[in-house]
Amino acid sequence: MAETVDANFHRHGDVRNRGGFVLSALAGGHVLFHWLIQGFVVLLPEIQSTFHLSGVGVGALVTTRELAAGLVSLPGGFIIDPLRRYWGLILAVCIGGISLGALLLGLSPVYPLLLAGIAIIAISHSIWHLPASASLSYHFSQRRAMALSFHGVGGSIGDVAGPVATGSLLLVLGWQGILSVYAIAPFFLAFMAVWAFRGIGGPDTDLGSAADFDRRKEATKSLLRNRAMWGVIVVRGLRAMCLVALVTILPLYLDKEMEMSPFF
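If you read the sequence shown in the numbering used here, its first letter stands for residue -2, the second for the next number, and so on.
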């Protein structure tokens, strides 16, 4: 099957059917999410000062982000599978979610809108991974590790470039201006993504049938009864808890205690 799928990349004249295009487009979208998410962390001291937030208030922003992302992951995966023909549109909507979330953050006059903005970005990011990873697994069924690693590299690029770019922009713009600027590119890219990701899920199958629904329901129940899976979830959760806490506290510590500028 992998040979057939990979061959289809080159037989069709449409650039969207080329493996390099699929990898680059999905990795590029991944850059956007991580750029904004990690850049937002750099802006936390400025946001705290503007809204006079306590440590709990700052923590609630990050908690909202992680909670929103986690709540949609499992049901999202169950729902996304039978929507194969719409994967491209879903990916485009997720990119549009970056724009909407960043705009809400940038224009927010009140704290609840900050929570709404960060929740929209987190949900979009969480949903993005589902059709993106599934599409890569479909198109590169015998080279999944390579394809998924390219997608991961896109996220790493955003993790590296986002904080540096955001810190640099703080020298000339306020945090609200930066987030408003960050809303522009994803807005236009979302329309491009409708074209770029069209048909990325491949041909329709019987994934929407009643029989398949029953199979997926039973598979989900089986996973939920798997103790090894719950062990992995607990370990991953503890790791994420420590990492998120460290990344959140660090910019606040550098700003308040070390009195360092956003750029240096």
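By construction, the Cβ of each residue, glycine as well, lies at the ideal position given by its N, Cα and C atoms.
C-alpha of L235 to C-alpha of L64: approximately 14 Å in a straight line.
Taking each of P79, A116, A242 in turn and checking the Cα distance to I95, the smallest one comes out for A116. Distance check between F18 and each of R62, F137, S105 places F137 closest, using alpha-carbon atoms only. The Cβ atoms of G98 and S105 lie no closer than 8 Å to each other.
Annotated three-state conformation of V107 is coil, per DSSP. Segment contact: the segment 68 to 83 against the segment 122 to 141, three or more CB-CB distances shorter than 8 Å; contact assigned.
W84 sits close to I197, with the two beta carbons spaced by under 8 Å. For F30, the closest alpha carbon among the candidates M257, L176, G152 is that of G152. In this structure, A190 sits near I92, with a CB-CB distance shorter than 8 Å. Rounded to the nearest whole angstrom, the C-alpha separation of A144 and S21 is 10 Å. Excluding the 5 residues flanking it on each side, Y179 has same chain C-beta neighbours closer than 6 Å at L33, A99, in chain order. Relative to the Cα of S165, the nearest Cα in the group L40, R15, G16, V90 belongs to L40. A check of alpha carbon separations from G56 across A216, L88, L71, L111 identifies L111 as the nearest.
Inter-residue distance for W172 and A142 is about 38 Å (C-alpha atoms, whole angstroms). In the structure shown, the three-state DSSP call for L58 is helix. Apart from the 5 residues on each side of it in sequence, S70 sits with its Cβ closer than 6 Å to the Cβ of S123 in its chain, given in chain order. Annotation for G198: no alpha helix (DSSP H) segment contains it, and DSSP assigns it neither H nor E. With a minimum length of 4 residues, the unbroken runs of alpha helix (DSSP H) contained wholly in the segment 34 to 98 fall at 52 to 77. Between the alpha carbons of S134 and E43 lies a distance of about 41 Å. Of the residues assessed, H27 falls on the buried side of the cut-off, its CB having 16 or more other CB atoms within 10 angstroms.
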